[in-house]
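> The listed protein sequences correspond, in order, to chains A and B.
Sequential numbering from 0 applies to the first sequence in numbering that gives the first Met the number 0.
Sequential numbering from 0 applies to the second sequence in numbering that gives the first Met the number 0.
2 protein chains.
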Amino acid sequence: MISKNQIKLLRALGQKKQRKALGLFLVQGEKNVLELASSTLTVKHVFATAEFIEQNQQALKDFECIEASLEDLTKASTLVSNNAAIAVVEIPTFEVPSAQGMMIALDGVQDPGNLGTIIRVADWYGIKHIVASSDCADPYNPKTISATMGSFGRVQVHQLDLAHYLETSNLPVYGAFLEGESVHKTEFAAQGILLMGSESHGIRPEAAKFVTDKITIPAFGGAESLNVAMATGIILDNMRRQHS
Amino acid sequence: MISKNQIKLLRALGQKKQRKALGLFLVQGEKNVLELASSTLTVKHVFATAEFIEQNQQALKDFECIEASLEDLTKASTLVSNNAAIAVVEIPTFEVPSAQGMMIALDGVQDPGNLGTIIRVADWYGIKHIVASSDCADPYNPKTISATMGSFGRVQVHQLDLAHYLETSNLPVYGAFLEGESVHKTEFAAQGILLMGSESHGIRPEAAKFVTDKITIPAFGGAESLNVAMATGIILDNMRRQHS
């Protein structure tokens, strides 16, 4: 059973302020909770149905599991579906990486679903680090975590002073603009930062001034733009085909 | 003002059954409504704020515009935001195209947001026709239309007996599977059908048997899969770099 205090905690973790104060976040849904078994994250509790606990004994063996009804889990969850399991997990602290390898930088991407989808596609292409301006969506927002489809455990998102980070990096910065060199023709370096702006404002001037290469996805039809997560995936594919 | 009967109509058009019976669908949000001006779709009415009508006189000049308060529009809308304008539009009838050029085929893609995102990226890459199995999401679902970001007017989605369509087509059918030839190495024909399955079931056997070329997006990290819309965009980019 989930106690009243535990329900209060789960509710509180729906809010960024509380996540920050408590140093905890929620991982919801069967697939995401099972991913925790192979991650280095510290899991405080897992609330789950008896059936889920029974079926996943091996994956859950190191966690403190608390049995709850699907009804209680649904009530406690901040998401609408996929409620057989909810984990309370410590927000990890890690050092900001020096710019190396292939990285993604995000300037003002505010939709948590987009951020989560970017984390997922980054993981697909083997990117380990995303640096994000401090006004980007919270990487620990339940909607972000949900959209990562388990990739939250393999990609680190660092919120920081983006302009400063770009200024002090020695890597080429590939900035996605609507005008720029076609990614079909760009020669990408083996190490570099892909900088993506928000859907509404693009890359802002403070970050744009550190762009070394303006790139664009060539358009063949009538659409004016692509979703930022989609554009990130397509550009990563173009980078990786040269450096696998 | 929106009359009671008109509100009833707007509400009804949130349901597939009613859209089918009345032959009408909703286009909501400023950007999508303005796209109607350059489309060949037949617009019955536009409900919009006085401000929106005033600011877009030129684009709206051929439409019957009915002024309404933002409050009424928000109440009438099936979406949560972007309610300055709602249009009631006739569902067009068009012939199923013979398989030619570059096309997309969708097998059981049931999420309207994914379908809308696929329509948007198809439009970006200049694809005009999508054929979809009859159990795919409704192309006229308000969530689909919203996710197209205006591309609904430039891409035709045909729901049909997909296996039969693929059987009778003479084009190569590129099926996206988790195993298959890397799209970085595939030589795509100038004309062909890209077949995508649903996230949960992939391409089903009835459609899979007409696949001539199994393809895959090479993975470099830990993610098990990509969202179907993301995968569609990445593969289209790979096709277009060979045939622009």
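Using N, Cα and C, we set each Cβ at its ideal position, and we do this for glycine too.
Throw me the rounded Cβ distance for the residue 159 of chain A and residue 98 of chain A pair, which I believe falls under 8 Å.
Rounded, the Cβ-Cβ distance is 12 Å, inconsistent with contact.
> Between which two residues does the alpha helix (DSSP H) holding residue 244 of chain B run?
Only positions 0 to 243 of chain B appear in this structure, which leaves residue 244 of chain B out of reach.
> In the stretch 197-226 of chain B, which residues sit with their C-beta less than 8 Å from some C-beta in chain A, listed in chain order?
216, 217, 218, 219, 220, 221, 222, 223, 224, 225, 226
> Under a three-way DSSP split, which group does residue 107 of chain B fall into?
Per DSSP, reduced to three states, the secondary structure at residue 107 of chain B is coil, with no helix or strand assignment.
> Helix, strand or coil for residue 99 of chain A per DSSP?
Here residue 99 of chain A sits in coil by DSSP.
> Residue 38 of chain A versus chain B: which residues are under 7 Å apart at the beta carbon?
In chain order: nothing, as chain B lies at least about 10 Å away.
> Please return the same chain residues whose Cβ sits closer than 8 Å to the Cβ of residue 107 of chain B, not counting the five positions on each side in sequence.
The answer, listed in chain order, is 132, 134, 135, 196, 197, 200, 203.
> Per DSSP, residue 196 of chain A forms a beta bridge with which residues?
A:106
> Within the stretch 150-234 of chain B, note down every full alpha helix (DSSP H) run reaching 4 residues or more, in order along the chain.
For the stretch 150-234 of chain B, the full-length alpha helix (DSSP H) segments reaching 4 residues or more read 161-167, 204-207 along the chain.
> Which word fits residue 143 of chain B, buried or exposed, when buried means at least 16 other C-beta atoms lie within 10 angstroms of its C-beta?
buried
> Measure from the C-beta of residue 87 of chain A to each C-beta in chain B and report whether the shortest distance is under 9 Å.
Chain B contact via Cβ: absent.
> What are the boundary residues of the beta strand (DSSP E) that includes residue 27 of chain B?
23-27
> Unbroken alpha helix (DSSP H) runs of length 4 or more, entirely within the stretch 24-58 of chain B: which are they?
Listed in chain order, the complete alpha helix (DSSP H) runs (minimum 4 residues) inside the stretch 24-58 of chain B are 29-34, 49-54.
> Between A:154, A:47, A:215, A:232, which lies nearest to residue 174 of chain A when the distance is taken from Cα to Cα?
A:215
> Anything in chain B within Cβ reach of residue 102 of chain A, meaning under 8 Å, just list it in chain order.
Going along chain B, no residue has its Cβ under 8 Å from residue 102 of chain A, so there is no contact; the nearest lies around 13 Å.
> Listing by chain order, which chain B residues have their CB less than 9 Å from the CB of residue 183 of chain A?
Near residue 183 of chain A (Cβ distances below 9 Å), the residues of chain B are 236, 239, 240, 243.
> From residue 9 of chain A to residue 52 of chain A, what does the alpha carbon distance come to, in whole angstroms?
Between residue 9 of chain A and residue 52 of chain A, the C-alpha separation is close to 19 Å.
> Starting from the beta carbon of residue 116 of chain A, find every residue of chain B whose beta carbon is closer than 8 Å, and list them in chain order.
226, 229
> Which full runs of the beta strand (DSSP E) of 3+ residues lie inside the stretch 58-84 of chain B, going along the chain?
64-66
> Are the stretch 224-235 of chain A and the stretch 39-50 of chain B touching by the rule of at least three beta carbon pairs closer than 8 Å?
Result no; under three Cβ-Cβ pairs closer than 8 Å.
> Kindly list the residues whose CB is nearer than 7 Å to the CB of residue 190 of chain A, restricted to its own chain and excluding five residues on each side of it in sequence; keep chain order.
99, 100, 101, 170
> Along chain A, which residues have their Cβ under 7 Å away from the Cβ of residue 125 of chain B?
219, 220
> Name the chain A residues that come within less than 8 Å of residue 233 of chain B, Cβ to Cβ?
232, 233, 236
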